[in-house]
Amino acid sequence: MSTEWMMSLVGGTMIGIAVSLMLLWNGRVTGVSSIVYGVLVPHKGDIAWRWYFIVGLLLGGLSLKITAPQFLAIEVQTSTWIGALAGTLVGFGAMLGGGCTSGHGVCGVSRVSPRSIVATIVFMSAGMAAVAFLRKTGLMI
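Here the working numbering is used: the first residue of the sequence shown is -8, the next is one more, and so on.
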């Protein structure tokens, strides 16, 4: 019996709890691109929590790699340059859209923000179109 749905449920619940606590305790939306941007272009008195967040993300990934590496054993079936280009485009899109998938898709939609709902529809549609195009052209399997 497959447990993928259970892992998704647990992961989604943990993300929901984490972003709710961030909003409750810090008064901030958990938009990763905005948090990173705040480190790159810092404002006095608004940097420490951002670094804690980023270090926490890295330590969480590292601890998963050490304790349960099978969860990270995914074969990426695309070339490195496409991954780098995709990451660059995602970063540009996050700046252009005033936030990223975590800020708009997780936090904004749950707050019923019209701007976030539209942004989520746009980036989900663009992502699906990009995958369809890349598969059609043979650049992605």
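The beta carbon of each residue, even a glycine, is placed where N, CA and C say it ideally should be. Just so you know, these numbers come straight off a predicted model, no measurement behind them.
Cβ-Cβ distance between residue i and residue j below 8 angstroms
i, j, result
"Cys91", "Val10", "no"
"Arg41", "Val30", "yes"
"Thr69", "Met131", "yes"
With 16 other Cβ atoms within 10 Å as the buried cut-off, status of residue i
i, result
"Gly78", "exposed"
"Phe44", "buried"
Close-in-space but distant-in-sequence residues of the same chain around residue i (CB under 6 angstroms, 5 per side omitted)
i, result
"Val20", "Gly94 and Cys98"
Helix, strand or coil at residue i [DSSP, three-state]
i, result
"Met131", "coil"
"Lys56", "helix"
"Cys91", "coil"
"Ile112", "helix"
"Thr69", "coil"
Same chain only: Cβ atoms within 8 angstroms of residue i, ignoring 5 sequence neighbours per side
i, result
"Val100", "Ser107, Ile108 and Thr111"
Beta-carbon separation (whole angstroms), residue i vs residue j, contact threshold 8 angstroms
i, j, result
"Phe114", "Gly84", "7 angstroms"
Sequence-distant residues of the same chain with beta carbon closer than 7 angstroms to residue i, five excluded per side
i, result
"Ser25", "Gly90 and Gly94"
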